[in-house]
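**Q**
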Amino acid sequence: MSLSPLTQRRFAIFRAHKRGFWSLWIFLALFLLTLFAEFIANDRPLAIHFDGRWFFPVLHDYSEDAFDPGLMPLEADYTDPELRQVIEAKGWMLWPVIPFSYASIVKNLPVPAPAPPSWQNLLGTDDQARDVLSRVIYGFRISVLFGFTLTILSSVIGIAAGAVQGFYGGLTDLLFQRFIEIWGGMPQLFLLIILSSIIAPSFWILLAFLLLFSWMGLTGLVRAEFLRGRNLDYVRAAKALGVSDIAVMWRHILPNAMVATLTFLPFTLSGSVTILASLDFLGFGLPPGSPSLGELVSQGKNNLQAPWLGITAFVVLGGVLTLLIFIGEAVRDSFDPRRTAP
Amino acid sequence: MTPLLQVDGLVRHFPTRGGLFTPGRPVRAVEDVSFSVAPGEVLGLVGESGSGKSTIGNLVLRLDEPTAGRIRFDGQDITTAGEAALAAFRRRAQPIFQDPFGSLDPRMTVEQIVAEPLQVHGLAKGRAARRARVAELLNIVGLSEQHLTRYPHQFSGGQRQRIGIARALAVSPDLIVADEPVSALDVSIQAQIVNLLRDLQQRLGLAMIFIAHDLAVVEYVSDRVAVLYLGRIMELAPARQIVRTPKHPYTQALLSAVLEPDPDRKHTREVLQGDLPSPINPPSGCVFRTRCRHAIAACAEAVPPLRSVGDGHVSACIRADEL
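Protein chains in written order, with numbering that gives the first Met the number 0: chain A, 0 to 341; chain B, 0 to 322.
In structure tokens form, the structure reads like this:
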């Protein structure tokens with residue numbers, strides 16, 4: 000595939016934007032790493048060689064009697080010293096770098112939880128004796144995935160809504176605008192508090208709920224682009240050719256309206272991450288026990304005597320948002336027609 | 000001969016927003032315009048800015064809906080045409096736009112731009128056939144195959160206008176509506192494009208509505224010319240006749256504004272007084288009477304109808320015989 004000169008120029012500007020360029024790589028590396036969180040931080044071994052056979056506890060569940068018929072036919076707990084002895088007598092186990100999952104409780108703490116950083120728990124433990132580093136890794140992943148999903152879905156809906164409004168204009172536009180004004184005036188947080196008092200919101204319910212309101216962020220922008228675009232001569236030429244409305248929007252107006260939309264995306268993403276963190280902080284977010292950065296912030300607030308909690312939460316959340324903003328700035332600059340390629 | 004295009008009593012009012020207690024008064028862009036275009040004929044539409052000539056072009060292509068009136072294309076009323084009939088109509092009538100920079104999608108290559116009509120109407124099926132047809136069209140308008148993969152911004156204004164013409168010709172239309180196709184170009188390029196259009200029109204037997212404000216260009220291209228003022232036709236006659244023996248005072252004033260190529264010849268210029276009246280609040284009776292030096296009291300009474308003043312020559316002036 001050959002890139003158009005315009006795209007090449009944009010890449011050149013993006014690359015020249017050192018801060019944004021490196022932020023993108025750091026962010027991608029971290030994201031890729033956390034995608035494999037189960038292989039980095041887990042309370043199950045990656046592999047077991049036992050009695051001449053291979054076991055992969057990360058991928059499969061095994062019951063304890065698979066290793067010793069004398070044990071109970073329960074799901075294997077590899078942190079159990081009894082099971083460890085049995086396995087290590089006839090083979091060996093390969094553990095992940097961090098031998099704790101986000102929910103596993105560190106059993107042999109020398110001090111009451113929250114325990115300060117040690118060689119065993121590099122960032123210490125939280126007040127429920129869970130390894131902070133492990134929770135940060137899983138929390139980063141869920142925050143970013145949630146942010147991405149929310150951003151993509153709300154962009155799709157927002158662009159479609161804005162496109163219809165701008166393209167048809169007139170009464171459609173008028174009614175739609177009034178609807179958005181009313182809908183946008185809804186007290187989102189209070190609705191969410193009511194919702195979470197009825198059900199415990201899961202990842203998807205929370206996502207769907209936030210989506211109900213977040214799509215409006217982009218509609219104004221896309222609507223303006225389409226209002227401008229629908230009267231351009233090449234759009235009128237396409238209409239005179241008998242190109243269908245949807246094809247005109249998709250092929251002729253959207254690509255030219257995409258620039259304004261794309262520059263917005265990194266900022267929408269960081270906004271989504273912030274929303275999830277603040278809901279988790281307030282306790283209206285993901286179900287209790289989920290690894291989340293917002294929950295870590297609230298633990299930090301409740302345990303000021305354990306500063307590693309607050310500091311970790313601050314550094315991680317601040318770091319993610321800073322990276323995303325730097326990337327956003329670089330994207331915005333590279334789409335700016337007034338910037339010249341280096 | 001039956002006309003290809005028959006326009007009857009065309010009216011287009013654009014609504015404006017009124018005040019809190021006063022209803023909005025519409026902008027009367029086109030008022031009771033009727034004309035016809037025979038197959039292979041070129042009708043020129045002239046008039047100053049705001050005379051409604053571009054609105055008529057949009058209405059004829061059904062890029063806009065008329066407030067009243069009928070437009071029949073090949074006997075079929077296109078103002079009420081449904082999906083299927085409209086698709087068939089769009090295959091036979093195509094626009095050429097004024098602005099060569101705005102009329103081409105900046106993100107498409109020349110090949111994609113010219114191939115789009117072929118794809119929409121299912122002509123020249125298959126990649127190879129389509130590419131061959133696009134190359135052929137580019138040759139017709141004086142561009143070459145090497146331009147296929149380029150983007151519009153890599154061309155000059157005149158070349159872009161040629162691409163626009165190639166796109167319009169792709170569906171082999173019967174009617175072209177050219178809305179000021181040369182007024183955005185340099186004078187040296189204008190002649191090339193005008194000649195290209197005239198040449199193509201004659202070679203392909205196209206009917207054309209040629210909209211412009213330059214009488215000299217319109218006379219050169221057109222078979223017949225309609226002069227518009229404030230949304231109404233003032234005079235309609237064969238091109239030669241309208242230039243040599245204009246019957247309407249407005250046409251006479253327009254013609255006197257055309258510059259003479261010979262600087263030694265005496266040039267009497269008739270300068271119109273005042274400004275174009277507002278199309279929201281047009282004068283009663285003859286809309287031109289406020290600036291006409293021949294105006295009499297009777298001009299304010301009724302809208303003068305188009306009357307025959309010669310062979311195929313009509314004028315909307317009650318004093319056409321005296322002047």
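Even for Gly, the Cβ is constructed at its ideal location relative to N, Cα and C. No experiment lies behind these values; they were computed from the predicted model shown.
Is N418/A buried or exposed, if buried means 16 or more other CB atoms sit within 10 Å of its CB?
**A** The structure shown has nothing for residue 418/A, since chain A only spans 0 to 341.
**Q** Given a cut-off of 9 Å on the beta-carbon distance, is the pair G49/B and L214/B in contact?
**A** Not in contact: G49/B and L214/B (Cβ atoms no closer than 9 Å).
**Q** Residues in the segment 39-69 of chain B with C-beta within 7 Å of chain A's C-beta atoms, listed in sequence order?
**A** The segment 39-69 of chain B vs chain A, Cβ under 7 Å: L60 and L62.
**Q** Among the candidates R149/B, R161/B and A131/B, whose CA atom is the shortest distance from the CA of L142/B?
**A** Of the candidates R149/B, R161/B and A131/B, the one whose C-alpha sits nearest the C-alpha of L142/B is R161/B.
**Q** How is the alpha helix (DSSP H) around G8/B delimited, first residue to last?
**A** No alpha helix (DSSP H) contains G8/B, which is instead part of the beta strand (DSSP E) from L4 to F13.
**Q** For a test of the three-state rule: what should DSSP assign to E30/B, helix, strand or coil?
**A** Of the three classes helix, strand and coil, the one that applies to E30/B here is strand, per DSSP.
**Q** Any beta-carbon of chain B closer than 9 Å to the one on Y233/A?
**A** Yes - at least one Cβ of chain B is within 9 Å of the one on Y233/A.
**Q** From the beta carbon of Q158/B, is the nearest beta carbon of chain A less than 9 Å away?
**A** No, Q158/B does not count as interfacial toward chain A.
**Q** Does DSSP put I210/B in a helix, in a strand, or in coil?
**A** I210/B falls in the strand class under three-state DSSP.
**Q** Taking its Cβ as the centre, do 16 or more other Cβ atoms sit within 10 Å of R43/A, making it buried, or is it exposed?
**A** Buried: at least 16 other Cβ atoms inside 10 Å.
**Q** Strictly below 9 Å CB to CB, what residues from chain A border R166/B?
**A** The contacting residues are A236 and L240.
**Q** For a quick check, are the C-beta atoms of V41/B and R223/B less than 9 Å apart?
**A** A contact, by the Cβ cut-off of 9 Å.
**Q** Contact criterion: CB-CB distance below 9 Å. Does N255/A meet it with respect to chain B?
**A** True, the Cβ-Cβ gap to chain B drops below 9 Å.
**Q** Here's the rule I'm using: 16 or more other beta-carbon atoms within 10 Å means buried, otherwise exposed. How should K89/A be labelled?
**A** Exposed, because fewer than 16 other Cβ atoms sit within 10 Å of the Cβ of K89/A.
**Q** So is H120/B in contact with chain A if we call contact Cβ pairs under 9 Å?
**A** Cβ-Cβ to chain A under 9 Å: yes for H120/B.
**Q** On the DSSP bridge list, what partners appear for V216/B?
**A** Its beta-bridge partners do not exist; DSSP assigns none.
**Q** The segment 251-277 of chain A: which residues have C-beta closer than 7 Å to a C-beta of chain B, in chain order?
**A** Those residues of the segment 251-277 of chain A that come within reach of chain B (Cβ to Cβ, closer than 7 Å) are H251, P254 and N255.
**Q** Does the segment 309-321 of chain A come within contact of the segment 123-142 of chain A, defined as at least 3 CB pairs closer than 8 Å?
**A** The answer is yes - the segment 123-142 of chain A touches the segment 309-321 of chain A, with three or more Cβ pairs under 8 Å.
**Q** Contact between the segment 98-116 of chain B and the segment 224-238 of chain A: three or more CB pairs below 8 Å?
**A** Yes, the segment 98-116 of chain B is in contact with the segment 224-238 of chain A.
**Q** Verify the CB distance criterion: does P94/B have a CB-CB separation below 9 Å to chain A?
**A** Yes, contact with chain A.
**Q** How would you label F99/A, buried or exposed, when you count the other beta carbons within 10 angstroms and need 16 or more for buried?
**A** Buried.
**Q** Residue ranges of each beta strand (DSSP E) run of no fewer than 3 residues wholly in the segment 56-116 of chain A, ordered along the chain?
**A** Fully enclosed beta strand (DSSP E) runs of 3 or longer: 90-93.
**Q** Helix, strand or coil: how does DSSP classify R14/A here?
**A** R14/A falls in the helix class under three-state DSSP.
**Q** Answer with buried or exposed for R292/B, where buried requires no fewer than 16 other C-beta atoms within 10 angstroms of its C-beta.
**A** R292/B comes out exposed.
**Q** Using C-beta distances below 6 Å, list every residue in its chain close to G156/B, excluding the 5 sequence neighbours before and after it, in chain order.
**A** Excluding sequence neighbours, G156/B sits near P99 and L184.
**Q** Taking only beta-carbon positions, decide if S171/B is within less than 9 Å of chain A.
**A** Not one chain A Cβ lies under 9 Å of S171/B.
**Q** For L103/B, go through chain A and note every residue whose CB falls closer than 7 Å to its CB, in chain order.
**A** Those are Y233, listed as they occur along chain A.
**Q** Which residues of chain B have a Cβ atom closer than 9 Å to the Cβ of S333/A, listed in chain order?
**A** None at all; the shortest Cβ gap to chain B is about 17 Å.
**Q** From the beta carbon of D320/B, is the nearest beta carbon of chain A less than 9 Å away?
**A** Chain A contact via Cβ: absent.
**Q** Figure out for me which residue from A28/B, V6/B, L3/B and R61/B has the closest Cα to the Cα of P281/B.
**A** Nearest C-alpha to P281/B: A28/B.
**Q** Starting from S297/A, find everything on chain B with Cβ-Cβ shorter than 8 Å and list it in chain order.
**A** Simply none; closest approach about 48 Å.
**Q** Buried or exposed: which applies to I55/B, given that a residue is buried once 16 or more other Cβ atoms fall within 10 Å of its Cβ?
**A** Flag for I55/B reads buried.
**Q** By DSSP, does V131/A sit in helix, in strand, or in coil?
**A** Correct three-state label for V131/A: helix.
**Q** For the segment 72-84 of chain B, which residues have a beta carbon sitting closer than 7 Å to at least one beta carbon of chain A?
**A** Under the 7 Å Cβ criterion, the segment 72-84 of chain B contributes no residue.
**Q** List the residues of chain B whose Cβ lies closer than 7 Å to the Cβ of S133/A, in chain order.
**A** Neighbours of S133/A on chain B: none; closest Cβ ~47 Å, over 7 Å.
**Q** L285/A and S196/A - do their beta-carbons sit closer together than 9 Å?
**A** Not in contact: S196/A and L285/A (Cβ atoms no closer than 9 Å).
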